[in-house]
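Asks:
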Amino acid sequence: MQTKLEKQPLLRPLDKDSFVWPTLNEIAATQQVHEHDKPRDCTVDSDGIYRYNSRIWMPQAASIIIQRLVIVVHCEPQGHCGEAVMLNHIKKIFSVKNMAQLARRFLKRCLLCHHVKGEE
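Numbering (the working numbering), first residue to last: 1304 to 1423.
Quick look at the structure:
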């Protein structure tokens, strides 16, 4: 998988089939580093990627990749989406332990969301 340089649509770019997440090589390398943390029911696909319930298993310790995913999902061109939309997009493809908690924590720290809502 390579990063696509084509222009993303303005509405829901993450719903477009050509949207590219972090590379499979990057994910596989991260999974290998944290292989001891994988769920027992993980399977390995033809690309050597661990999957849990048919979704790509992402180690919870892979905080940098998870943070990238959350930022990309949250900071859509049409505005910063909320928790439900973030979780929906991420859970379509990835299995991340405690993802709802991670999303809530991220949203609490989003300065633009606080500013728009008039919060301190």
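The C-beta atom is built at its ideal place from N, Cα and C for all residues, glycine as well.
Does I1367 pass the burial test, meaning 16 or more other C-beta atoms within 10 Å, or should it be called exposed?
Replies: Taking the sequence shown and counting its residues from 1, the one referred to as residue 1367 is at position 64. Its Cβ having fewer than 16 others within 10 Å, I1367 is exposed.
Asks: Hey, could you find the ends of the beta strand (DSSP E) I1359 is sitting in?
Replies: Stepping through the sequence shown from its first residue, residue 1359 is reached at position 56. Element bounds for I1359: R1358 to M1361.
Asks: I'd like to confirm the pairing. Which residues does DSSP put opposite C1378 in its beta bridges?
Replies: What you label residue 1378 is simply residue 75 of the sequence shown in a count that begins at 1. In the DSSP output, where bridge partners are listed per residue, C1378 has H1383.
Asks: For T1326, which of helix, strand or coil comes out of DSSP?
Replies: Walking along the sequence shown from the start, residue 1326 turns up at place 23. Looking at T1326 - three-state DSSP - the assignment turns out to be coil, as it is neither helix nor strand.
Asks: Do you know how far the Cα of L1410 is from the Cα of S1357?
Replies: As a first step, residue 1357 must be located in the sequence shown, where it is residue number 54. As a first step, residue 1410 must be located in the sequence shown, where it is residue number 107. Roughly 27 Å separates the two Cα atoms.
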